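S.K.:
2 protein chains.
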Amino acid sequence: MTDARSIVSSPAALRAQIRDGQFTGPTAGHGGDALQANLVILAGDDASAFLRFCQANPRPCPLLAVGEPGDPTLPTLGDIDLRHDVPRYRVWRDGALADEPTDIAALWQDDMVSFALGCSFSFEDALTRAGIPVRHQTAGRNVPMYRTDLATRPAGRFSGPLVVSMRAMPAADAIEAITICDRFPLAHGAPVHLGDPSEIGIADLHAPDYGDAPDIRPGDIPVFWACGVTPQAAITAAKPALAITHAPGHMLVTDIPSGQAERRLTGVHTG
Amino acid sequence: MTDARSIVSSPAALRAQIRDGQFTGPTAGHGGDALQANLVILAGDDASAFLRFCQANPRPCPLLAVGEPGDPTLPTLGDIDLRHDVPRYRVWRDGALADEPTDIAALWQDDMVSFALGCSFSFEDALTRAGIPVRHQTAGRNVPMYRTDLATRPAGRFSGPLVVSMRAMPAADAIEAITICDRFPLAHGAPVHLGDPSEIGIADLHAPDYGDAPDIRPGDIPVFWACGVTPQAAITAAKPALAITHAPGHMLVTDIPSGQAERRLTGVHTG
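Chains D and E, in that order, give the protein sequences. Its first residue numbered 5, the first sequence is counted upward by one per residue in this note's numbering. Its first residue numbered 5, the second sequence is counted upward by one per residue in this note's numbering.
1. Using 8 Å as the Cβ pair cut-off and three pairs as the minimum, do the region 57 to 70 of chain E and the region 201 to 210 of chain E touch?
2. So, at 7 Å on beta carbons, what are the nonlocal neighbours of aspartate 129 of chain E in its own chain, with the 5 sequence-adjacent residues on each side left out?
3. So is alanine 13 of chain D buried or exposed if we call it buried at 16+ other beta carbons inside 10 Å?
4. Taking only beta carbons into account, state which residues of the region 182 to 194 of chain D come closer than 8 Å to chain E, listed in chain order.
5. Is phenylalanine 54 of chain E helix, strand or coil by DSSP?
6. Short of 7 Å in beta carbon distance, which residues of its chain neighbour histidine 273 of chain D, apart from the five on each side in sequence? Order them along the chain.
7. Do proline 76 of chain E and aspartate 115 of chain E count as a contact pair if the criterion is CB distance below 8 Å?
8. Return yes when the Cβ of valine 167 of chain D is within less than 8 Å of the Cβ of threonine 234 of chain D, no when it is not.
9. Does histidine 197 of chain E have its Cβ less than 8 Å from a Cβ in chain D?
10. Between threonine 31 of chain E and the rest of its own chain, which residues show a CB-CB distance below 8 Å, the 5 nearest in sequence each way excluded?
11. Taking the beta carbon of glycine 275 of chain E as the centre, do at least 16 other beta carbons fall within 10 Å, making it buried, or is it exposed?
12. Any idea if aspartate 7 of chain E is buried or exposed, counting beta-carbon neighbours within 10 angstroms, 16 or more meaning buried?
13. I'd like the list of long-range same chain contacts for glycine 223 of chain D, defined as Cβ closer than 6 Å, with 5 residues on each side in sequence excluded.
14. Answer yes or no: do alanine 191 of chain E and isoleucine 136 of chain E have a C-beta to C-beta separation smaller than 8 Å?
15. In whole angstroms, what is the alpha-carbon distance linking phenylalanine 188 of chain E and alanine 120 of chain E?
16. Tell me the rounded alpha-carbon separation between histidine 88 of chain E and arginine 221 of chain D.
17. Which parts of the region 101 to 180 of chain E are runs of the alpha helix (DSSP H), unbroken and 4 residues or longer, counting only runs that do not cross its ends?
18. Going by Cα to Cα distance, which pick from D:Leu43, D:Phe27 and D:Gln59 is closest to glycine 160 of chain D?
19. Spatial neighbours of serine 126 of chain E within its chain, please: CB distance less than 8 Å, with the 5 preceding and 5 following residues excluded, ordered by chain position.
20. Alpha carbon to alpha carbon, how far is threonine 240 of chain D from glycine 164 of chain D? Give it in angstroms, no decimals.
21. Which chain E residues are close to alanine 175 of chain D, counting only those with a beta carbon under 8 Å from its beta carbon?
22. Tell me whether aspartate 200 of chain E sits in a helix, a strand or coil according to DSSP, three-state version.
23. Using a C-beta to C-beta distance shorter than 9 Å, which residues of chain E count as neighbours of glycine 223 of chain D?
24. For glycine 25 of chain D, count neighbouring C-beta atoms within 10 Å of its own C-beta (all shown protein chains included) and say buried if the count is 16 or more, exposed if not.
25. Who are the neighbours of isoleucine 179 of chain D on chain E, taking C-beta pairs under 8 Å?
26. Going by C-alpha distance, which of E:Ala51, E:Asp37 and E:Gln21 is nearest threonine 249 of chain E?
27. With distance defined between alpha-carbon atoms, name the residue in E:Gln236, E:Leu131, E:Val117 and E:Leu78 nearest to arginine 94 of chain E.
28. Ordered along the chain, which non-local residues of its own chain (more than five positions away) have a Cβ less than 8 Å from that of alanine 16 of chain E?
29. Can you name the start and end residues of the alpha helix (DSSP H) that alanine 211 of chain E belongs to?
30. Per DSSP, arginine 23 of chain D is paired with what?
31. Check aspartate 49 of chain E in the structure and name its three-state DSSP category.
32. Output the boundary residues of the alpha helix (DSSP H) element that contains isoleucine 220 of chain E.
33. Taking the CB atoms as reference points, tell me whether threonine 156 of chain E and alanine 47 of chain E lie closer together than 8 Å.
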């Protein structure tokens with residue numbers, strides 16, 4: 005057995021351990037600098053509507069790859085079999101959490117469609133490399149997240165408020181963070197708001213709806229990014245008969261180097 | 005005689021009228037969408053030091069082109085003869101304004117070097133095209149400008165505070181403006197600050213050091229860009245024996261379409 009806390013540096017080696025049931029822990033820090041993704045699996049009409057929802061809301065739902073119906077592979081992201089290759093899944097029935105298995109082969113259906121969605125890891129790495137403080141990481145906390153009064157564009161049964169994550173930083177860092185994140189449309193892109201939280205319906209910055217309380221220093225301004233919790237909340241609210249997602253922190257590890265993700269997957273040059 | 009208020013749409017035709025002394029007015033709105041530039045002419049060691057000053061301070065002093073010593077042309081910007089092709093010049097002797105001629109052929113020296121510097125016209129056009137309000141234009145005022153407590157990097161006798169221009173706008177527009185202006189490094193690039201003016205030494209936003217008082221609406225945040233007044237103030241303070249600049253509003257009109265300036269002059273793709 006491999007200790008989940010020992011670092012596995014190759015994404016393919018990590019996925020092989022996950023596939024064999026030897027690695028069932030959180031993926032942060034594993035798989036080298038490979039892009040990690042949020043996973044959503046839906047069936048039939050729910051899948052069609054969710055694809056339209058992602059297309060209509062690219063900031064919170066940046067699509068890295070969409071599987072063919074019934075096909076558990078995502079070849080543009082690597083040699084991936086989604087029935088086995090995520091360390092822990094969540095199974096939702098009628099919007100309620102039903103199970104947290106490490107393998108979903110027994111649940112796979114021939115009308116299931118898988119969605120790999122970008123997450124904030126990529127741009128947080130880029131911010132850190134640029135010397136911009138990512139305060140929740142330094143403090144060893146989860147990023148604070150908030151429901152806003154901004155609505156997503158509905159598609160089929162999927163709708164609901166935009167959920168945002170917040171990172172506080174000095175103004176000059178905020179400007180640089182905006183220019184950096186604009187180059188990562190597959191990792192939520194540029195922020196959606198900065199400054200006064202009440203303008204987007206956030207009553208108390210110190211009481212996030214998800215994650216941990218923020219670390220805000222004198223001179224910091226709050227900067228808000230569209231967050232991957234948005235589609236999760238929309239799925240829970242829509243109560244599809246069956247939905248499968250990754251468990252929090254237990255991501256889909258791809259073969260794409262983070263720094264090359266935008267260029268390889270979109271043709272957008274990341275500079 | 006051509007009325008200076010009639011629009012001349014070709015930059016070459018406009019420069020021909022300027023060269024013949026038929027056009028002596030402000031250039032805003034003339035020459036089609038051609039890039040307009042700030043002009044600085046210095047001689048000998050002053051020119052060498054000013055080039056180093058611009059290199060060290062690219063945000064306030066974005067260099068579009070630098071002439072060869074003694075050569076009054078700038079071939080990368082068009083068929084330009086700087087002894088005649090700006091509608092009105094300012095001549096500075098020992099830091100004091102000495103004259104405002106429409107031709108400087110009699111003053112030209114064989115050790116003079118000309119500097120064409122980018123200005124904010126390019127990015128303001130891009131903001132307007134993106135639907136972002138440029139409040140001083142709507143109000144028919146000059147942009148408000150402020151001396152800050154941020155120092156430029158000195159070079160030779162050139163030094164002094166960074167001067168910034170301010171444009172107030174809602175937060176979401178500020179984020180988009182940052183992503184747009186980052187693509188225009190030759191027009192001062194991304195802002196240098198946003199939010200609290202006191203953080204960069206501005207005591208009263210309603211009392212600018214140059215230009216007109218700002219139009220700030222509820223929900224606006226102030227956004228600050230490095231400003232071309234910075235090198236002008238540095239030159240005045242340095243008191244070189246002789247300096248020649250354009251007169252305010254009477255710019256050097258180039259042949260470069262504004263939208264293509266970054267790509268043509270730097271190889272940077274403007275997206």
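Backbone N, C-alpha and C fix where the C-beta goes; we use that ideal spot for every residue, glycine too. Only a predicted model underlies this, so the values are computations on that prediction, with no experimental measurement involved.
M.R.: On the basis of the coordinates in this document:
1. The region 57 to 70 of chain E, when compared against the region 201 to 210 of chain E, does not touch it at the 8 Å Cβ threshold.
2. Setting aside the 5 residues that flank it on each side, aspartate 129 of chain E is surrounded in the same chain by Ser262, each with a C-beta closer than 7 Å to its C-beta; the list follows chain order.
3. With the sequence shown as reference, residue 13 of chain D is identified as serine, and alanine is not the correct amino acid for it. With a 10 Å radius around the Cβ and a threshold of 16 neighbouring Cβ atoms, serine 13 of chain D comes out exposed.
4. Residues Ile182, Thr183, Asp186 and Ala194.
5. DSSP places phenylalanine 54 of chain E in helix when its eight states are reduced to three.
6. Low confidence applies to histidine 273 of chain D: its pLDDT is 46, below 50, so where it sits in the model is not reliable enough to give any reading.
7. Contact: no.
8. Their beta carbons are under 8 Å apart, which means threonine 234 of chain D touches valine 167 of chain D by this criterion.
9. At a cut-off of 8 Å between beta carbons, histidine 197 of chain E contacts chain D.
10. Excluding five sequence positions before and after threonine 31 of chain E, the CB atoms of its chain that fall closer than 8 Å to its own CB belong to Leu18, Gln40, Pro91, Gly253, His254, Met255 and Val257, given in chain order.
11. For glycine 275 of chain E, the predicted model reports a pLDDT of 39, less than 50, meaning its position is unreliable and no value from the coordinates is stated.
12. Unreliable placement is indicated for aspartate 7 of chain E, whose pLDDT of 46 sits below 50; the coordinate value is still reported in the next sentence. By the neighbour-count definition (other C-beta atoms within 10 Å, threshold 16), aspartate 7 of chain E is an exposed residue.
13. So the list reads Pro174, once near-sequence residues are dropped.
14. Cβ atoms of alanine 191 of chain E and isoleucine 136 of chain E: not closer than 8 Å.
15. One C-alpha to the other measures close to 16 Å.
16. Note on geometry: alpha-carbon atoms of histidine 88 of chain E and arginine 221 of chain D lie some 55 Å from one another.
17. Fully enclosed alpha helix (DSSP H) runs of 4 or longer: 125 to 133 and 139 to 142.
18. Of D:Leu43, D:Phe27 and D:Gln59, the residue nearest in Cα terms is D:Gln59.
19. Closer than 8 Å at the Cβ level, and outside the excluded window around serine 126 of chain E, lie Leu39, Phe188, Leu190, Ala191, Ser262 and Ala265.
20. C-alpha separation (whole angstroms): 10 Å.
21. Result: His197, Leu198, Gly199, Asp200 and Glu203.
22. The DSSP-derived three-state label of aspartate 200 of chain E is coil.
23. Within 9 Å Cβ-Cβ: Asp200 and Glu203.
24. Under a 10 Å Cβ-count criterion, glycine 25 of chain D is classified as exposed, with fewer than 16 other Cβ atoms of the shown protein chains found around its own Cβ.
25. Taking a Cβ-Cβ cut-off of 8 Å, the neighbours of isoleucine 179 of chain D in chain E comprise Ile182, Ala194, Pro195, Val196, His197 and Leu198, given in sequence order.
26. The shortest Cα separation from threonine 249 of chain E among E:Ala51, E:Asp37 and E:Gln21 belongs to E:Ala51.
27. Ranking the options by Cα distance to arginine 94 of chain E, first place goes to E:Gln236.
28. So the list reads Gly82, Asp83 and Asp259, once near-sequence residues are dropped.
29. Premise fails: alanine 211 of chain E is in no alpha helix (DSSP H) and is neither H nor E.
30. DSSP lists no bridge partner for arginine 23 of chain D.
31. Reduced to three states, the DSSP call for aspartate 49 of chain E is helix.
32. Per DSSP, isoleucine 220 of chain E belongs to no alpha helix (DSSP H) and is neither H nor E.
33. Taking 8 Å as the cut-off, the beta carbon of threonine 156 of chain E is found no closer than this to the beta carbon of alanine 47 of chain E.
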